[in-house]
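Asker:
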Amino acid sequence: MIKRVPFVNLRRVINASALLKPLLFFCLSSCTNLFFFPTKDLAVTPDTLGLEYNELELRHTNNTKIRGWKLAAQGKPKGTILFFHGNAQNISYHIESVYWLPKAGFNVILMDYQGYGPSDGSSSVKSAIADIRLSLLEFQSETRPLILYGQSIGASLSVAALTSLKPETKIDGVILESPFASYQQIAREKLRSLWLTWPLQYPLSLLISDEYAPDKFIANLPKMPLLMIVSKTDQVVLPHHTLDLFKKAHQPKELWEYESYPHIGIFQNDATQARLVRYLEGIQ
5 MIKRVPFVNL RRVINASALL KPLLFFCLSS CTNLFFFPTK DLAVTPDTLG
55 LEYNELELRH TNNTKIRGWK LAAQGKPKGT ILFFHGNAQN ISYHIESVYW
105 LPKAGFNVIL MDYQGYGPSD GSSSVKSAIA DIRLSLLEFQ SETRPLILYG
155 QSIGASLSVA ALTSLKPETK IDGVILESPF ASYQQIAREK LRSLWLTWPL
205 QYPLSLLISD EYAPDKFIAN LPKMPLLMIV SKTDQVVLPH HTLDLFKKAH
255 QPKELWEYES YPHIGIFQND ATQARLVRYL EGIQ
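Structure (structure tokens):
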């Protein structure tokens with residue numbers, strides 16, 4: 005595995021302070037856009053990390069374009085990973101999570117949601133789910149197996165997207181790292197963590213739509229290998245979310261629980277990277 009490179013500080017997570025201002029505004033606006041914190045600037049490009057890549061552009065039927073990168077596998081490709089990132093910044097910050105996979109022989113496709121990086125539009129739960137569905141459909145001809153890998157809100161969004169696939173869309177495996185089970189529930193937990201918003205946790209969270217909550221869809225995922233990953237010390241998305249979803253999920257499924265990693269920081273060493281590569285190589 006290649007060594008970890010020094011990346012800029014990543015504001016990739018749902019945290020209490022980031023949610024406070026939009027949650028107060030949410031009392032008036034009643035929408036789920038508060039879960040998204042996109043930026044347009046690019047911290048790095050794959051070539052600065054020594055990676056071969058192509059720029060990608062997909063177009064929705066309303067002509068909204070989303071953009072991303074395809075990182076080329078080194079040597080003969082063993083498969084393709086479709087990666088959907090967390091709630092803040094853009095793919096140039098989240099490439100840290102997957103930049104090592106091309107050396108292990110996998111193509112990696114990273115797409116930014118609407119409103120993120122160079123993508124058009126503005127972000128919402130509904131539009132991000134549409135972005136994931138479009139990507140799953142458009143990359144059907146990539147090297148198999150084709151595996152969806154979602155982190156944090158990217159994992160939560162992917163659950164709803166996967167259950168609405170067109171019949172011709174085939175996915176060979178799903179990896180969900182630290183998803184949250186419910187938009188209302190994660191909002192309550194963040195409101196509870198601040199003394200100022202603690203009394204408002206229930207009335208404010210009830211204003212948030214749970215129409216696309218993963219716990220409503222997880223049991224209906226297409227039949228394929230499912231891997232769920234969680235750190236027991238995750239303080240951003242508490243581990244009970246992943247564990248609750250895992251109980252409701254179909255077979256075949258596998259759960260990896262780690263003891264002491266930060267939120268979406270599990271694959272930052274050779275041992276955990278090697279374990280994931282072995283798992284990916286076993287998907288047919």
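Throughout the sequence shown, residue numbering follows the numbering used here, covering 5 to 288 in sequence.
Backbone N, C-alpha and C fix where the C-beta goes; we use that ideal spot for every residue, glycine too.
Which residues mark the beginning and the end of the beta strand (DSSP E) in which residue 234 is found?
Answerer: Looking at the DSSP string, the run of the beta strand (DSSP E) that includes residue 234 is 230-235.
Asker: Residues bridged to residue 93 by DSSP?
Answerer: 42, per the DSSP bridge assignment.
Asker: Is there at least one non-hydrogen atom of the ligand SAM closer than 8 Å to the beta-carbon of residue 136?
Answerer: For the structure depicted, the ligand SAM is absent and the ligand set is empty, with no information on it obtainable.
Asker: What whole-angstrom Cβ distance do residue 182 and residue 155 have, given they're in contact under 8 Å?
Answerer: Sure, about 7 Å apart at Cβ, within 8 Å.
Asker: Is the separation between the beta-carbon of residue 85 and that of residue 138 shorter than 9 Å?
Answerer: For residue 85 and residue 138, no; Cβs fall outside 9 Å.
Asker: What would DSSP say about residue 277, mapped onto helix, strand or coil?
Answerer: Residue 277: helix per DSSP, three-state reduction.
Asker: Apply the 10 Å Cβ neighbour rule to residue 45 and answer buried if 16 or more other Cβ atoms are within range, or exposed otherwise.
Answerer: The residue is exposed, with fewer than 16 neighbouring Cβ atoms inside 10 Å.
Asker: Since I believe residue 114 is in contact with residue 133 (beta carbons under 8 Å), could you give me their beta-carbon distance rounded to a whole number of angstroms?
Answerer: Not quite, the Cβ-Cβ distance comes to about 17 Å (not below 8 Å), so this is no contact.
Asker: Let me know if residue 91 comes out buried or exposed under the rule of 16 or more other beta-carbons within 10 Å of its beta-carbon.
Answerer: Under this definition residue 91 is a buried residue.
Asker: Could you give the uninterrupted runs of the beta strand (DSSP E) lying entirely in the segment 43-71, keeping only those of 3 residues or more?
Answerer: Fully enclosed beta strand (DSSP E) runs of 3 or longer: 57-63.
Asker: Is the distance from the Cβ of residue 263 to the Cβ of residue 237 below 9 Å?
Answerer: Yes, they are a contact pair.
Asker: Using only the alpha-carbon positions, how far apart do residue 128 and residue 157 sit?
Answerer: Rounded to the nearest angstrom, the two C-alpha atoms are 11 Å apart.
Asker: Suppose the cutoff is 7 Å on Cβ atoms and the five residues either side in sequence are ignored; what does the same chain contact list for residue 281 look like?
Answerer: These residues qualify, in order along the chain: 108.
Asker: Buried or exposed: where does residue 98 fall if 16 or more other Cβ atoms within 10 Å of its Cβ makes it buried?
Answerer: Buried: at least 16 other Cβ atoms inside 10 Å.
Asker: Counting Cβ pairs closer than 8 Å, one from the segment 271-286 and one from the segment 71-79, do we hit at least three?
Answerer: They do not touch, by the three-pair rule.
Asker: Measuring alpha carbon to alpha carbon, tell me which residue in 151, 140 and 103 is nearest residue 170.
Answerer: With distances taken between Cα atoms, residue 170 lies closest to 140.
Asker: Which runs of the beta strand (DSSP E) spanning at least 3 residues fall entirely within the segment 76-162, listed in chain order?
Answerer: Counting only runs of 3 or more, we get 83-88, 110-115 and 150-155.
Asker: Along the chain, which unbroken stretches of the beta strand (DSSP E) at least 3 residues long are found entirely within the segment 167-198?
Answerer: The segment 167-198 contains these whole beta strand (DSSP E) runs: 177-181.
Asker: Label residue 63 either buried or exposed according to how many other C-beta atoms from any shown protein chain fall within 10 Å of its C-beta, with 16 as the threshold for buried.
Answerer: That one is exposed.
Asker: Please name the residue in 135, 59 and 259 whose C-alpha comes closest to that of residue 65.
Answerer: It is 135.
Asker: From residue 104 to residue 286, what distance separates their C-alpha atoms?
Answerer: Approximately 18 Å between the Cα atoms of the pair.
Asker: For the alpha helix (DSSP H) holding residue 251, just list the boundary residues, first then last.
Answerer: Looking at the DSSP string, the run of the alpha helix (DSSP H) that includes residue 251 is 244-252.
Asker: In this structure, does DSSP put residue 216 in helix, strand or coil?
Answerer: The answer is coil: DSSP assigns residue 216 none of H, G, I, E or B.
Asker: Expressed to the nearest angstrom, what Euclidean distance is found between the alpha-carbon atoms of residue 40 and residue 288?
Answerer: Cα-Cα distance, rounded: 34 Å.
Asker: Would you call residue 172 buried or exposed, if buried means 16 or more other Cβ atoms sit within 10 Å of its Cβ?
Answerer: Residue 172 is exposed by the Cβ-count criterion.
Asker: How about residue 250 and residue 259: do their beta carbons lie closer than 9 Å?
Answerer: The answer is yes: Cβ separation under 9 Å.
Asker: Could you have a look at residue 340 and say whether DSSP puts it in helix, strand or coil?
Answerer: Outside the shown range of the chain (5 to 288) lies residue 340, about which nothing can therefore be said.
Asker: Is it the case that the Cβ atoms of residue 49 and residue 94 are separated by a distance below 9 Å?
Answerer: The answer is no: Cβ separation not under 9 Å.
Asker: Across which residues does DSSP place residue 257 in a beta bridge pair?
Answerer: The partner list for residue 257 (beta bridge, DSSP) reads 230.
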